[in-house]
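As structure tokens, the structure follows; a few thoughts come after it.
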Amino acid sequence: MKAALKIMLLLALSGAWSFPCLAGEAAEVRIEGMQFVPQHLKIRAGTSVTWVNREKRNNHSVFFEKEGLAESDRLFPGETWQRTFDQPGSYPYVCGPHPDMTGTVDVEP
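Here the sequence shown stands for residues -23 to -1, 1 to 86, numbered as in mature numbering (1 follows the signal peptide of the UniProt record, and there is no 0).
In structure tokens:
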């Protein structure tokens, strides 16, 4: 039992795991160390998510390719990009220039 609690705490602190936001709240995904943090985000419909490039040199983008949406502009260090999710569903995304960087936004009603 203690081991399971330690693992849950470690995951929560590492940013690999996130908790749902209430509708209308804002959530943030950091771009750092060539990854999206948290990689999997759970939110409620109506929540806005802001991606923040915390890298010192690399530029990135947010691309919901499976939805057929246009890729975000390149985010240079310190820049942000925002999207509001109004419909429930699972929204996988990648970084355009670095397709090994992936993330998912799960939107609950």
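Note that the Cβ used here is the ideal one computed from N, Cα and C, for glycine as well.
Quick caveat: nothing in here was measured; it's all calculated off a predicted structure.
Of the residues assessed, S67 falls on the exposed side of the cut-off, its CB having fewer than 16 other CB atoms within 10 angstroms.
Under the three-state reduction of DSSP output, E5 falls in the strand class. Of the other Cβ atoms in all chains shown, fewer than 16 fall within 10 Å of the Cβ of P65; this residue is therefore exposed. Judged by beta-carbon spacing, W28 lies beyond the 8 Å limit of V14, meaning their Cβ atoms are not closer than that value. The straight-line gap separating the alpha-carbon atoms of V26 and D63 is approximately 11 Å.
As computed with DSSP, R31 is found in no beta bridge at all.
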